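J.: In the working numbering, the protein residues as written are 29 to 891. For reference, the structure I am asking about is given below.
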Amino acid sequence: MLDAQTAPAAPHVTRREDYAPPVWLVPTIDLVFDLDPARTSVSATMQVELKEGAGGPLRLDGGGGLRPLTVAVDGQPAEWRMEGDQLVLDLAGRAHEVAIAVEIAPEANTQLMGLYASGGLLCTQCEAEGFRRIMFFPDRPDVLSRYTVRMTADKARFPVLLANGDHVGGGDLDDGRHWAQWRDPFPKPCYLFALVAGDLACRADQFITRSGRTVALGIYTAQSDLPKTEHAMAALKASMAWDEQVYGREYDLAVFNIVAVGDFNFGAMENKGLNIFNSRYILADPDTATDADYDAVAGVVAHEYFHNWSGNRVTCRDWFQLSLKEGFTVFRDQQFSADQGSHAVKRIEDVRALRAAQFPEDAGPLAHPIRPESYLEIGNFYTATVYNKGAEVIRMLHTLLGAERFRKGTDLYFTRHDGTATTCDAFVDAMEDASGEDLSRFRLWYSQAGTPRVKASLVHETGGGRARLTLEQSVPATPGQRDKQPMVLPLRLALFSAETGKRLAAQMVVMQDAREEIVFEGVSERPILSINRDFSAPVIVETDRSPADLAFLSAHDDDPFARYEAVQQLMLDTLVAGAARGEADHRPVIAAVRDTLADAHLDPAFVAETMLIPTESFVGDQMLVVDPEAIRRTRDALRRDLGRELLEQWRAIYAANHSNRFEYNPTAKGMRRLKTIALGFLAVGGAEDAAALAFGQFNDADNMTDRQGALGVLANGTAPERETALAAFYDRYRGDSLVLDKWFTTQALSMRADTPEQVERLARHPDFTLTNPNRLRSLVGAFTANQYAFHDPSGRGYRFLADMVLAADRLNPQTAAKLIPPLGRWRRLEPTRAALMKAELERMLATPGLSKDVFEQVSKSLA
Ligand code: ARG
Ligand code: ZN
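Following this line, the structure appears as structure tokens:
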């Protein structure tokens with residue numbers, strides 16, 4: 029029995045095509061926890077039933093060294109065996125009661141999967157495969173069970189005991205212990221199981237659903253953090269109302285609880301009726317959270333709440349269908365956030381995130397379709413592709429069908445599949461059936477990886493008063509996918525008159541073929557092309573538009589996204605040319621920025637977005653061979669010229685947007701954003717008082733956006749105020765780990781030449797730790813996003829990252845593996861750096877005892 033479990037397992041590849049329905053079902057499970065951080069005993073009593081027409085042993089997944097203490101079938105001790113991590117039982121009949129007892133050690137659980145301890149509380153994380161570290165069970169999303177959970181724990185240490193569903197009983201026991209029982213009436217897969225035990229305070233509120241039911245809402249945190257939960261609670265109530273209005277989805281239990289924990293592998297988790305959050309997505313007050321943090325809190329609260337329908341009531345058949353719930357739910361949270369503020373600004377932010385995280389993934393060795401075909405470790409597939417590109421795919425359905433038919437489709441989907449585990453294909457089927465539209469070609473978005481490229485060229489035939497638009501698409505080869513078929517691309521476009529600025533035409537072209545031609549009649553004035561407006565398709569567009577045409581669109585396009593895009597394209601073309609040739613003409617960019625700043629009708633948040641110069645990494649993504657030094661040099665030169673040439677404008681903008689009373693609303697947020705951008709340009713433009721202004725903003729700020737913004741400007745420079753501000757920030761916030769993360773991140777993102785050594789030094793700081801994922805990401809994740817510093821020609825950045833991954837892997841493989849992708853870009857760097865990067869990947873691969881999480885990412889990065 030022992031040998032099978034301890035034998036080193038060759039990494040097992042799970043393939044989508046191998047899906048087989050479960051043989052045994054588990055309609056009910058009763059769990060009993062005797063909670064203690066050092067030693068928790070867990071026992072389960074499950075009803076198991078053989079599926080009609082099926083046969084074979086009952087196989088229950090285990091993991092993390094889980095061993096059964098006792099196994100009983102129908103009340104009698106039973107024979108069992110281990111096959112690898114699985115507990116296998118040969119059962120005589122078609123229905124039995126199986127009872128199993130195990131023991132686990134939450135405080136020794138550094139992976140933060142299963143039941144673990146965080147800051148004095150006990151909590152769970154089960155998605156994707158954490159439940160098997162708590163109890164032997166068919167750990168797959170298509171086995172749905174009704175759960176009853178009974179917990180006992182020391183009352184003084186763990187006065188609050190929470191689980192999914194409704195609280196159905198509780199009371200005191202001897203020895204200072206107490207108990208609580210919860211029952212969840214909705215059958216669910218085990219990845220949605222949750223419990224929390226701790227000394228927690230609660231912000232209580234309520235929501236009345238549209239059918240008049242009262243839902244008790246609770247957000248649980250440490251007592252001292254309770255004042256920081258107001259924003260999250262407001263966002264929760266807004267989400268509940270929004271989902272009723274926009275999707276007709278009402279909440280279904282009498283209780284909805286959220287718990288914030290300090291140690292968490294990712295953002296948050298949608299456990300039925302008991303969401304568990306990384307505290308950074310719950311806690312917010314003006315002194316400690318930036319505007320971006322406030323937005324992220326609202327977005328993630330909404331996301332997890334929306335999962336109650338898109339994920340919980342209708343779940344995934346298998347993990348290859350992950351985008352069924354994640355892509356759809358990200359789309360829903362994006363719509364929600366857009367409705368709370370500015371649609372244009374939200375769209376710009378979402379596209380920026382897609383380009384920063386998903387485009388590089390799609391262009392590198394880890395590229396995969398939104399519905400992957402195989403994996404070693406499913407934890408590696410919670411990616412920007414599955415989430416963000418997945419959301420773009422749902423958005424295209426919304427665009428193609430229109431809001432009304434899209435809603436008919438989601439209604440049909442929810443009715444048809446309520447209470448079941450289903451597939452991405454079933455979602456598209458519902459859209460097809462509800463709309464009458466043929467979406468067979470569209471399904472390629474689920475199977476083909478790689479970002480499509482569209483080449484657009486517009487020819488004006490002056491004689492015939494005609495404009496001819498030629499569109500050509502190609503989808504690049506990606507690992508395992510050499511030849512691609514043309515995709516369905518909804519492209520919103522318009523033509524503007526170069527003479528009058530009038531819009532001559534606007535339409536949506538649904539491109540289906542590799543090459544298409546569109547003819548516009550009655551075009552007598554020279555037309556300028558506006559294409560992929562509102563970013564209607566997640567593609568890369570290449571056009572032959574001149575800098576003058578882009579400058580024109582930056583002032584005249586009536587689609588705000590296209591207007592933003594015109595300035596960005598102008599900047600990008602300038603930077604790419606500058607990086608390649610050593611110099612570029614900055615005048616068109618300066619003119620476009622000047623005009624945008626002067627346009628009094630524009631929303632400050634929109635102006636701020638437009639003023640952001642493309643990141644060094646994004647410029648690198650456009651180059652065949654990334655040259656980090658040339659990119660830094662040319663980007664610095666453009667920043668400097670923009671700063672210098674528009675110095676008076678930046679000064680005026682700074683003064684006009686500087687107010688010292690914090691308010692949280694879209695205009696105030698936009699003004700804060702614009703102000704700090706102006707401060708940055710004053711600093712690079714050589715304003716003598718820039719450091720003093722920044723230091724003043726840092727000291728006088730009544731909110732974290734202004735304070736961290738000023739710190740970021742100072743951190744890039746050499747003024748003595750830099751060290752003073754960093755020290756003051758540390759002293760003020762050393763007791764607040766979420767804010768201390770910002771202190772690490774700000775330094776890791778610094779543009780100074782000594783950043784690599786500063787980051788190495790910070791990794792030895794007493795407040796740095798590998799055990800807290802937020803802290804690890806705040807330093808190491810931020811550093812790898814700093815292209816110039818990470819690609820230090822010595823290779824020390826690569827070595828640092830590999831060392832960190834190897835050290836973190838011993839504690840927390842899932843979080844360690846997430847740090848690897850930047851090294852996988854080695855093929856895009858010049859030969860010296862490429863060799864250094866590859867050597868670090870090889871060193872990692874040769875390290876004994878690698879987790880399968882890290883093994884998968886490293887080996888695929890080398891392939
Ligand atoms: N379902 C969670 C969400 O809302 C994330 C779970 C991530 N799980 C993982 N193994 N990475 O997005
Ligand atoms: Zn999600």
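Note that CB positions come from ideal geometry on N, CA and C, so glycine has one too. Source: prediction; values computed, not measured.
Beta carbon of A756: closer than 7 Å to some heavy atom of the ligand ARG?
T.: It does not: the Cβ of A756 is nowhere closer than 7 Å to a heavy atom of the ligand ARG.
J.: Keeping to the same chain, check which residues put their C-beta closer than 8 Å to that of M536; ignore five residues upstream and five downstream.
T.: Contacts found: T427, P518, L519, R520, L521, S564.
J.: Please list the segments of the alpha helix (DSSP H) lying wholly inside the region 704–762, counting only runs of 4 or more residues, in order along the chain.
T.: Counting only runs of 4 or more, we get 718–728, 732–743, 749–761.
J.: Which runs of the beta strand (DSSP E) at least 3 residues long sit entirely within the region 641–697? Give them in chain order.
T.: Segments of the beta strand (DSSP E) lying fully in the region 641–697: there are none.
J.: Does the distance from the C-beta atom of A583 to that of T662 stay below 8 Å?
T.: In this structure, T662 does not lie closer than 8 Å to A583 by Cβ.
J.: Would you say H335 touches the ligand ZN, meaning its beta carbon is less than 7 Å from a heavy atom?
T.: Because some heavy atom of the ligand ZN lies under 7 Å away, the Cβ of H335 counts as near it: yes.
J.: With respect to the beta strand (DSSP E) encompassing C151, which residues constitute its N-terminal and C-terminal limits?
T.: Where C151 is concerned, the enclosing beta strand (DSSP E) stretches over 149–153.
J.: For R399, which option in A391, P393, Y410, G392 has the closest C-alpha, if you only look at C-alpha atoms?
T.: Taking only the C-alpha atoms, the option nearest R399 is Y410.
J.: Any heavy atom of the ligand ARG closer than 7 Å to the CB of G407?
T.: Yes; taking the cut-off as 7 Å, the Cβ of G407 has a heavy atom of the ligand ARG nearer than that.
J.: I'd like to know whether the C-beta atoms of R701 and A813 end up nearer to each other than 8 Å.
T.: Against a cut-off of 8 Å, the Cβ pair of A813 and R701 comes out as no contact.
J.: For Q33 and R109, I'd like the C-alpha separation in whole angstroms.
T.: Low confidence applies to Q33: its pLDDT is 37, below 50, so where it sits in the model is not reliable enough to give any reading.
J.: Along the chain, which unbroken stretches of the beta strand (DSSP E) at least 3 residues long are found entirely within the region 258–302?
T.: You should have 283–289.
J.: Given a threshold of 16 other Cβ atoms within 10 Å of its Cβ, counted over all protein chains shown, does E527 qualify as buried or as exposed?
T.: Burial call: exposed.
J.: R185 and W207 look like a contact to me (Cβ under 8 Å); what is the Cβ gap, rounded to whole Å?
T.: Not confirmed; about 14 Å, so no contact.
J.: Please tell me whether, using a cut-off of 7 Å, the distance from the CB of Q842 to the nearest non-hydrogen atom of the ligand ARG is below it.
T.: Because some heavy atom of the ligand ARG lies under 7 Å away, the Cβ of Q842 counts as near it: yes.
J.: By Cβ distance, which residues of its chain are closer than 7 Å to V937, with the 5 residues on each side in sequence left out?
T.: In the structure as shown, the chain starts at 29 and stops at 891, and residue 937 therefore has no counterpart that could be examined.
J.: Determine whether the beta carbon atoms of R277 and W337 lie at a separation below 8 Å.
T.: Closer than 8 Å, so yes.
J.: Using a threshold of 7 Å, is the CB atom of E420 nearer than that to any non-hydrogen atom of the ligand ZN?
T.: Flag unset: Cβ of E420 not near the ligand ZN.
J.: Specify, as a first and last residue, the run of the alpha helix (DSSP H) that L440 falls within.
T.: Start and end: 418–445.
J.: Does DSSP classify Q775 as helix, strand or coil?
T.: Helix.
J.: Does DSSP put S564 in a helix, in a strand, or in coil?
T.: Reduced to three states, the DSSP call for S564 is coil.
J.: For E553, which residues in the same chain have their Cβ closer than 6 Å to its Cβ, ignoring the five residues on either side in sequence?
T.: S525, E527.
J.: Between the Cα of R238 and the Cα atoms of C151, K265, S173, which residue gives the shortest distance?
T.: Out of C151, K265, S173, K265 has the C-alpha closest to the C-alpha of R238.
J.: With DSSP collapsed to three states, give me the class of H819.
T.: Three-state result, H819: coil.
J.: Shorter than 7 Å, the distance from the beta carbon of T357 to the closest heavy atom of the ligand ZN, or not?
T.: For the ligand ZN, at least one heavy atom lies less than 7 Å from the Cβ of T357.
J.: Any heavy atom of the ligand ZN within a distance shorter than 7 Å of the CB on H331?
T.: Under cutoff, so the answer is yes.
J.: Give the single residue among G121, A191, M268 whose Cα lies nearest to the Cα of V287.
T.: Taking only the C-alpha atoms, the option nearest V287 is A191.
J.: With which residues is E131 paired in a DSSP beta bridge?
T.: In DSSP, E131 forms a bridge with S69.
J.: Short of 8 Å in beta carbon distance, which residues of its chain neighbour Y682, apart from the five on each side in sequence? Order them along the chain.
T.: So the qualifying residues of the chain are K703, A706, L707, L710, L721.
J.: Could you pull the start and end residues of the alpha helix (DSSP H) that C452 belongs to?
T.: Note, C452: alpha helix (DSSP H), 452–463.
J.: What are the complete beta strand (DSSP E) segments, minimum 3 residues, inside the region 494–564?
T.: Counting only runs of 3 or more, we get 494–502, 517–525, 531–539, 543–548, 555–559.
J.: Hey, would you say R87 sits closer than 8 Å to F348, going by beta carbons?
T.: For R87 and F348, no; Cβs fall outside 8 Å.
J.: Excluding sequence positions up to five away, which residues of its chain have a Cβ less than 6 Å from the Cβ of Y248?
T.: Excluding sequence neighbours, Y248 sits near L228, C230, V287.
J.: When you compare only the Cα positions, how much space is there between I568 and R435?
T.: Spanning the two alpha carbons is a distance of roughly 29 Å.
J.: Is it buried or exposed, Q273, if we count other Cβ atoms within 10 angstroms and call 16 or more buried?
T.: So Q273 counts as exposed.
J.: Buried or exposed: where does G714 fall if 16 or more other Cβ atoms within 10 Å of its Cβ makes it buried?
T.: Under this definition G714 is an exposed residue.
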